[in-house]
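One gets the numbering used here by counting positions in the sequence shown from 1 and adding 6 to each. Cβ atoms here follow ideal geometry from the backbone N, Cα and C, with glycine treated the same way. None of the values given here were measured: they were computed from a predicted structure. Some notes on the structure that comes next.
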Amino acid sequence: MSRIGKVPVPVPSGVQISIGAGTVSAKGPKGTLAVETLGHVDVKLEEGKVHVRRYDDSRRSKAFHGLYQRLITNIVNGVATGFKKELEIQGIGYKAALQGKDTIVLNVGLSHQVEFKVPAGVLVQVPKPTTILLESADKQLLGQTAANLRGVRPPEPYGGKGIRYAGERVVLKEGKKSTK
Numbered sequence: 007m008s009r010i011g012k013v014p015v016p017v018p019s020g021v022q023i024s025i026g027a028g029t030v031s032a033k034g035p036k037g038t039l040a041v042e043t044l045g046h047v048d049v050k051l052e053e054g055k056v057h058v059r060r061y062d063d064s065r066r067s068k069a070f071h072g073l074y075q076r077l078i079t080n081i082v083n084g085v086a087t088g089f090k091k092e093l094e095i096q097g098i099g100y101k102a103a104l105q106g107k108d109t110i111v112l113n114v115g116l117s118h119q120v121e122f123k124v125p126a127g128v129l130v131q132v133p134k135p136t137t138i139l140l141e142s143a144d145k146q147l148l149g150q151t152a153a154n155l156r157g158v159r160p161p162e163p164y165g166g167k168g169i170r171y172a173g174e175r176v177v178l179k180e181g182k183k184s185t186k
C-alpha cells in the first residue's frame with residue numbers, strides 16, 4: 007500500500023469538502039478548488055478526514071493512490087491557508103515593478119522591458135525592486151507561474167545574474183583563464 011496514499015487528509019475548520027461523482031472539491035476562505043478522480047480510487051469523508059482508498063492492486067491503481075491523496079491535500083491546504091513563492095532578482099540594474107494588479111514589468115538586461123502578465127488566481131506583490139512575491143490557493147498554478155517568470159531570465163552560470171527562487175543556490179562556473 008502507498009505510504010502517502012494511506013495517510014488521511016485532515017480537514018481544518020472553515021473548509022467544506024464535497025465529494026461527487028469523480029470529483030472532490032474544497033471550499034474555504036481562500037476560494038474553491040476541485041480535483042477530478044479518474045475512477046482508480048475511492049474517496050470518503052469520515053470523522054473530519056478525507057480517506058483515499060484504491061479499488062484493486064493493479065499497477066495503475068497503485069500509481070494513482072498516492073497522487074490523488076497528495077492532490078486532495080494540496081486543495082485542502084490551498085483553500086485553508088494558500089501557498090506562497092518568493093523570487094529574487096540579482097544583477098546590476100535588474101529590477102521589477104508592478105503595473106496595475108496583474109502585470110509585472112521586468113528590466114533584466116535585455117534590450118527591452120518585459121511585461122509579464124500574471125494569470126487570474128495568482129496575487130503578486132513587489133515589496134522591493136529585487137523581490138517578487140506570488141500567492142495563490144492553487145499550488146500547481148502558482149508553481150507554473152513562478153517557473154514561467156523565472157524563465158524570462160534564468161540565473162546564468164558565470165555571474166549568477168537573473169531571476170531565481172528565494173534560497174535557490176546557483177553553482178557558478180569558473181571563467182576562462184589567460185595563459186602567460
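The secondary-structure analysis by DSSP pairs I138 across a beta bridge with L93.
In the DSSP annotation of this structure, the continuous segment of the alpha helix (DSSP H) that includes L77 starts and ends at 65–86. Under the three-state reduction of DSSP output, A153 falls in the helix class.
In the three-state scheme derived from DSSP, where H, G and I count as helix and E and B as strand, K182 is classed as coil. Counting of Cβ neighbours within 10 angstroms places K183 among the exposed residues, the total staying below 16. In terms of Cβ geometry, D144 and V124 do not form a close pair [threshold 7 Å]. Within the model, the alpha-carbon separation for R65 versus L73 is close to 13 Å. The alpha carbon of T43 has as its nearest neighbour, out of G34, V58, Q146, the alpha carbon of V58.
The shortest C-alpha to C-alpha distance from Q146 to any of G84, R9, P160 is the one to G84. A Cβ-Cβ contact shorter than 7 Å links G127 with S142. With a 10 Å radius around the Cβ and a threshold of 16 neighbouring Cβ atoms, G115 comes out exposed.
In chain order, K55 place their CB closer than 6 Å to the CB of P16, counting only its own chain and leaving out the 5 sequence neighbours on each side. Remark: C-beta atoms of L148 and K91 approach each other more closely than 7 Å. Only exposed fits H118, as fewer than 16 other CB atoms lie within 10 angstroms of its CB.
Between A102 and P18, the CB-CB gap reaches or exceeds 7 Å. With respect to G11, Q75 sits close: the two C-beta atoms are nearer than 7 Å. In this structure, V158 keeps its C-beta atom at 7 Å or more from the C-beta atom of V130.
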